[in-house]
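See structure below.
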Amino acid sequence: MNKLFFPVVFMMTSFSLMAEQKLNFLFFLVDDLGKMDIGIEGSSFYETPHIDALANSGMRFQNGYAACQVCSPSRAAIMLGTYPARNKITDWIGAKTGTDWKRNDKVLPVEYIHALPKEEITVAEAMREGGYKTFFAGKWHMGGEDNFPEDHGFDINIGGHHRGSPPGGFFSPYTNPKMKSGPQGESLTIRLANETANFIENHKGNEKPFFAYLSFYAVHGPIQTTETLWKKYQKKAAAKGLAEKRFIFDRTKAVRQVQDNPVYAGMMETLDDAIGIVMQKLKDTSYDKNTVVIFTGDNGGVSSGDAFSTSSLPLRGGKGRQWEGGIREPYYIYVPGMTKEGALTEIPATGTDFYPTILELAGLKAKPEQHKDGVSLVPILKGDKIAKRDLFWHYPHYGNQGGEPSSIIRSGNWKLIHYYEDGRDELYNLSSDIGEQNDAAAKNPEVAKMLRKKLDSWLKETGARTPQADSRFDANKKKQQLESAAGKQMQALEKKHANYLKPDYVPNKTWWDSKIPKD
């Protein structure tokens, strides 16, 4: 009897204490992180033991999504709980629209809102109203002056401002107006982790629970790492055997097919070390016993455009593109006393779901008029289900990475993409065609028709803005541009990325300021 009695009393006491004690929240958001960049998701080149451990500690959403294929809309969706189509932040803030768009394209990108609306209540504001101390570190990119993190619910802001890429690069000295430079060669990624760890350490003894939001500038370009890490992964790639070709041309742009970039791999290891720093601080302070940890990214990995730094295979495309590589993300949630270690779910979830999930876990009243496009994932975290629903995306712009203006619906395993350049629809069955190689619309016309009707209804309900034809478009010129992109530009890319792996590769004397040059 006694052998059974004491454990039961201990368990009942533990759960009772948890019920009385408010949960803290630690939210990790990584910039331009592809789902396939993580070891636990299948990468054999990048090394991410700390992220793998975090993923394994709680619930891993196999069908976790960002709300958009580019950054600002995805970030706004997390903050507001609404789809970009509804809140009208549909492109990265700073992108040109209308006739200011100077590229030779068929349609004009629509106008969009350039900052989080002041009248809306962000998840940070909701948490602060609920008695939480709020902290932000890293990339913001959701508005300029008077629209920074401190203007939208965060008590502390370190490094968050209007820019989307790190001013001054990834090594000190920085030129970030919201953060002082560190010593020569300091890693920005590690600095942001240390700032977050310091916040957690200094919070000890505070009666308020905390909501800490660490939004890395990594692994966005420019891709930069130390000589030591580059050398480690250059040798690793060489040992595996170097690829003769790394790119294919997919419709509008070259797309990377191989994970062997040693510079990007070094950035991934630094990111992983940063996660480890913060997670260790939770453990050292015993906050790990009552802190919810969330980890995700804002859009797919950069396989095309920007630095062409990674491959999303078997997913098609990457950042900026309408296929799974552009929107499917690492999506992990750990809740002490609730989630089971190593738990997996196939139930789709998206960026708008974090807001209502966080409120419910915090014991705060839901705000259905605010986070109207999200649902609480708490039932899933407990091992149950939620009502089946469709997920939507709306990106009426051209991605710098080759993405085309489109809207998307995922319904069950079906995914329909509607294109605004010519009005066509593509249909994919994700259960049998995760790489989206076989357009099934012709063989399944009734499914395509039904999904298009649902998508059109959703676009109307959200008041989505759709692009109009650009009278300046020159079809012959476009043909020449695509031929050049598939020819000379592809050749230049192959040469550049092969160069990263040469044993004598040196980007500059300071390795992007990560070391002091020798005279």
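So the sequence shown is numbered by our numbering: it starts at 487 and just counts up by one. All residues carry an ideal CB built from backbone N, CA and C; glycine is no exception.
By the C-beta criterion, the stretch 547-561 is judged to be in contact with the stretch 779-790, since at least 3 inter-stretch pairs fall below 8 Å. Taking 4 residues as the shortest admissible run, the stretch 653-695 contains the following complete alpha helix (DSSP H) segments, listed from N- to C-terminal end: 674-688.
Here DSSP, grouped into helix, strand and coil, assigns K901 to strand.
Annotation for A751: the continuous alpha helix (DSSP H) segment containing it runs P748 to D770. Membership of W879 in the beta strand (DSSP E) is indicated by the continuous run L877 to Y881.
Out of T620, P953 and V864, the CA that lies nearest to the CA of W587 is found in P953. Check the Cα spacing between Q507 and each of A793, W997 and Y618: the tightest is with Y618. For the 7 Å CB-CB criterion, N573 and K963 do not form a contact. In this structure the stretch 529-546 lies against the stretch 826-839, because at least three pairs of beta carbons, one per stretch, are closer than 8 Å. Here L867 has M545, I819, V821, M824 and T825 as same chain residues with Cβ atoms under 7 Å from its own Cβ, once five neighbours each way along the sequence are excluded. With contacts defined by Cβ atoms closer than 7 Å, R732 and H983 form a contacting pair. The beta carbon of A612 sits closer than 7 Å to the beta carbons of L845, L850 and K853 from its chain, once the five residues preceding and following it are set aside; these are given in chain order. For secondary structure counted as the alpha helix (DSSP H) over 4 or more consecutive residues, the stretch 802-855 holds these complete runs in sequence order: 810-813 and 840-848.
Contact between S797 and R742 holds, with the beta-carbon distance rounding to 5 Å and staying under 8 Å. Nearest to P570 by C-alpha distance, out of Y598, E527, M754 and R958, is Y598. Burial is judged here by how many other beta carbons sit within 10 angstroms of a residue's own beta carbon; K981 has fewer than 16 and is exposed. Three or more Cβ pairs drawn from the stretch 718-734 and the stretch 984-996 lie within less than 8 Å of each other, which places the two stretches in contact.
Q710 counts as buried, since no fewer than 16 other beta carbons sit within 10 angstroms of its beta carbon. Annotation for L913: the continuous beta strand (DSSP E) segment containing it runs D911 to N915. A buried status is given to T948, since no fewer than 16 other beta-carbon atoms sit within 10 Å of its beta-carbon.
Three or more beta-carbon pairs drawn from the stretch 765-781 and the stretch 509-521 are found closer than 8 Å, and the two stretches are therefore classed as touching.
CA-to-CA, the gap between T675 and Y703 works out to about 7 Å.
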